[in-house]
Amino acid sequence: MITFPVARPRRLRRMPALRQMVRETLLTPNDFIYPLFVQHGTGVRQPISSMPGQFRYSVDQLAEEAEAIASLGIPAVILFGIPAEKDPVGVENFAPDGIVQQAIRAIKTAVPQLLVVTDVCLCEYTDHGHCGLLNEHGEILNDETLEILGKVAVSHAEAGADVVAPSGMLDGMVTAIRSALDEQGYVHVPIMSYAVKYASAFYGPFREAAEGAPKFGDRKTHQMDPANVREALREADLDVAEGADFLMVKPALAYLDVIRQVRDRHPELPLVAYNVSGEYAMLKAAAANGWLDEQKVILETLTSIKRAGADLIITYHAKEAAMWLADEA
Ligand code: PBG
2 MITFPVARPR
12 RLRRMPALRQ
22 MVRETLLTPN
32 DFIYPLFVQH
42 GTGVRQPISS
52 MPGQFRYSVD
62 QLAEEAEAIA
72 SLGIPAVILF
82 GIPAEKDPVG
92 VENFAPDGIV
102 QQAIRAIKTA
112 VPQLLVVTDV
122 CLCEYTDHGH
132 CGLLNEHGEI
142 LNDETLEILG
152 KVAVSHAEAG
162 ADVVAPSGML
172 DGMVTAIRSA
182 LDEQGYVHVP
192 IMSYAVKYAS
202 AFYGPFREAA
212 EGAPKFGDRK
222 THQMDPANVR
232 EALREADLDV
242 AEGADFLMVK
252 PALAYLDVIR
262 QVRDRHPELP
272 LVAYNVSGEY
282 AMLKAAAANG
292 WLDEQKVILE
302 TLTSIKRAGA
312 DLIITYHAKE
322 AAMWLADEA
């Protein structure tokens, strides 16, 4: 190996153009998927207190928001709905005029080229806040819930969703959704599976925003133990075998090693990382206190997620990051 004084790695860091030329990881707005929260009503643009800069929108606000997102070069949004009423099954989840179904139609009408991904889960729609149907002991009925997930995915596809993203971590959810979609002729609608989703405390702000916190207990019987990574590979393998079109790891920052391992194990599929609400809130809080340089730390964070192996990042930072990237270019 050539060593000092011949080898001088600093030679490649001398000027901005040189550094840019040898940069290994490129972050672009095309990497981002922007989460949107939708609720009933009109003229609603309600700030989410634990996620500064994020809002809950009513459907009439979405055309303008979709245009802003698309004009920044962001290719996709992911929708989360807050229903009018909750019940044990969550019937609005698969209603033709449900909040997400309305939102999909509004966005696809206003900006057809903006891709609409939908979160497919029960927790925002059920009165108990759990990700599945429950038995009399409050335990999730895995197989009985799969049928509902299929109905929800089909209903989103009917409304015009481009991609469906099941987030409930139930066994067999990809198989169930694939067959439900295919039976109804939606063979072309891809499944972005939250394949590796941990039982994480970093979802706190989201649960406030989407009103999806469980009313009792927790999600530890379906979401993964943060201590495990071999299990993550098994989850990813199963979802690939079930026909997932994208894999996802969630959260991102405390799980960069998991992103890397899933990327190496499954080079054949696009890999998505979810930079979750708590990760967003931490940086925003530190920046608001003047403790961190907001722009630099956010772009560095997003770059780290790509460097770990993600192709795409679901992030609340998408709009501001896309703006800063455009300024830099
Ligand atoms: C479940 C879902 C959650 C998030 C996305 N989809 C919450 C949960 O699993 O409790 C969290 C996203 C975030 O924290 O940004 N529908």
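Per the numbering used here, the sequence shown runs over residues 2 to 330.
Just so you know, even glycine gets a beta-carbon here, dropped at the ideal spot from N, CA and C.
- prompt: Would alanine 330 be called buried (16 or more neighbouring beta carbons within 10 Å of its own) or exposed?
  reply: Translated into the one-based positions of the sequence shown, residue 330 becomes position 329. So alanine 330 counts as exposed.
field: Identity of the residues DSSP links to alanine 330 by a beta bridge
entry: Residue numbering aside, residue 330 sits at position 329 when the sequence shown is read from its first letter. Its beta-bridge partners do not exist; DSSP assigns none.
task: Report back the beta-carbon spacing between glycine 130 and threonine 146 to the nearest angstrom; my notes put them in contact at under 8 angstroms.
output: To locate residue 130, count along the sequence shown from 1; it is residue 129. To locate residue 146, count along the sequence shown from 1; it is residue 145. Rounded, the Cβ-Cβ distance is 14 angstroms, inconsistent with contact.
Closest residue to proline 113 among Ile149, Cys122, Pro215, Leu63 (Cα-Cα distance): Working through the sequence shown from its first residue, we reach residue 113 at position 112. Leu63 is the residue among Ile149, Cys122, Pro215, Leu63 whose C-alpha sits nearest the C-alpha of proline 113.
field: Length of the line joining the Cα atoms of alanine 274 and histidine 138
entry: Stepping through the sequence shown from its first residue, residue 274 is reached at position 273. Stepping through the sequence shown from its first residue, residue 138 is reached at position 137. Roughly 34 angstroms between the two C-alpha positions.
- prompt: At a cut-off of 7 angstroms, is tyrosine 275 close to the ligand PBG when judged by its beta-carbon and the heavy atoms of the ligand?
  reply: For the purposes of this step, residue 275 is taken as the residue at position 274 of the sequence shown. Yes, since a heavy atom of the ligand PBG falls inside the 7 angstroms radius drawn around the Cβ of tyrosine 275.
- prompt: When burial is assigned at 16 or more other CB atoms within 10 Å of the CB, is glutamine 55 buried or exposed?
  reply: As a first step, residue 55 must be located in the sequence shown, where it is residue number 54. With 16 or more other Cβ atoms within 10 Å, it is buried.
task: State buried or exposed for glutamine 224, treating a residue as buried only when at least 16 other CB atoms are found within 10 Å of its CB.
output: The residue labelled residue 224 in the question sits at position 223 within the sequence shown. Glutamine 224 counts as buried, since no fewer than 16 other beta carbons sit within 10 angstroms of its beta carbon.
task: State the start and end residues of the unbroken beta strand (DSSP E) segment that holds serine 278.
output: As a working note, residue 278 is residue 277 in the sequence shown. Serine 278: not part of any beta strand (DSSP E); member of the alpha helix (DSSP H) spanning 278-289, first to last residue.
query: Around the C-beta of phenylalanine 217, are 16 or more other C-beta atoms found within 10 angstroms, so that it is buried, or is it exposed?
result: Translated into the one-based positions of the sequence shown, residue 217 becomes position 216. Phenylalanine 217 counts as exposed, since fewer than 16 other beta carbons sit within 10 angstroms of its beta carbon.
- prompt: So what's methionine 22 in DSSP terms, helix, strand or just coil?
  reply: Here residue 22 refers to the residue found at position 21 when the sequence shown is read from its first residue. In the displayed model, methionine 22 falls within a helix according to three-state DSSP.
field: Outcome for aspartate 128 when other beta-carbon atoms lying within 10 angstroms are tallied against a minimum of 16
entry: On the sequence shown, residue 128 is found 127 positions in, with the first residue counted as 1. Around the beta carbon of aspartate 128, a 10 Å sphere encloses fewer than 16 other beta carbons of the protein chains shown; the residue is thus reported as exposed.
- prompt: CB-CB under 6 angstroms to serine 51, same chain, minus the five flanking residues each way: which ones, in chain order?
  reply: Residue mapping note: residue 51 aligns to position 50 of the sequence shown, counting from 1. Counting only residues of its own chain and dropping the five nearest sequence neighbours on each side, serine 51 has a CB closer than 6 angstroms to the CB of Pro206, Glu209, Ala282.
field: Beta-carbon separation (whole angstroms), proline 1 vs tyrosine 126, contact threshold 8 angstroms
entry: This structure does not reach residue 1, given that the chain is present from 2 up to 330, and the question cannot be answered.
Pair within 8 angstroms by beta-carbon distance, alanine 69 and leucine 116: Indexing the sequence shown from 1 puts residue 69 at position 68. Indexing the sequence shown from 1 puts residue 116 at position 115. No, the pair does not count as a contact, with Cβ atoms beyond the cut-off.
- prompt: Between valine 175 and leucine 182, which are expected to be in contact by the criterion C-beta below 8 angstroms, what is the C-beta distance as a whole number of angstroms?
  reply: Here residue 175 refers to the residue found at position 174 of the sequence shown. Here residue 182 refers to the residue found at position 181 of the sequence shown. With 8 angstroms as the limit, valine 175 and leucine 182 do not qualify as a contact, their Cβ atoms being about 11 angstroms apart.
message: As a quick exercise: from Asp163, Asp238, His157, Ser156, pick the residue whose alpha carbon is nearest that of glycine 173.
response: By one-based count along the sequence shown, residue 173 stands at place 172. Comparing Cα-Cα distances from glycine 173 to each of Asp163, Asp238, His157, Ser156, the minimum goes to Asp238.
message: Can you give me the C-alpha to C-alpha distance between arginine 46 and proline 36, rounded to a whole angstrom?
response: In the sequence shown, the residue the question calls residue 46 occupies position 45. In the sequence shown, the residue the question calls residue 36 occupies position 35. When rounded, the distance between both Cα atoms is 14 angstroms.
task: Select from Thr119, Trp292, Lys285, Gly310 the residue whose C-alpha is nearest the C-alpha of tyrosine 317.
output: Walking along the sequence shown from the start, residue 317 turns up at place 316. Ranked by Cα distance from tyrosine 317, the first of Thr119, Trp292, Lys285, Gly310 is Lys285.
message: Give me the DSSP bridge partner(s) of lysine 198.
response: Numbered from 1 along the sequence shown, position 197 holds the residue referred to as residue 198. Looking at the DSSP assignment, lysine 198 forms a beta bridge with Lys251.
task: Quick one: grab the DSSP three-state call for proline 215.
output: On the sequence shown, position 214 is the one that residue 215 refers to. In this structure, DSSP gives proline 215 a state outside helix and strand, which the three-state scheme calls coil.
- request: Over the uninterrupted alpha helix (DSSP H) stretch that includes threonine 176, give me the two end residues.
  value: Translated into positions along the sequence shown, residue 176 becomes position 175. Start and end: 174-184.
query: Is there at least one non-hydrogen atom of the ligand PBG closer than 7 angstroms to the beta-carbon of glycine 279?
result: Here residue 279 refers to the residue found at position 278 of the sequence shown. The answer is yes for glycine 279.
query: In this structure, what does DSSP give as the bridge partners for serine 59?
result: By one-based count along the sequence shown, residue 59 stands at place 58. According to DSSP, which records beta bridges pairwise, serine 59 is partnered with Gln40.
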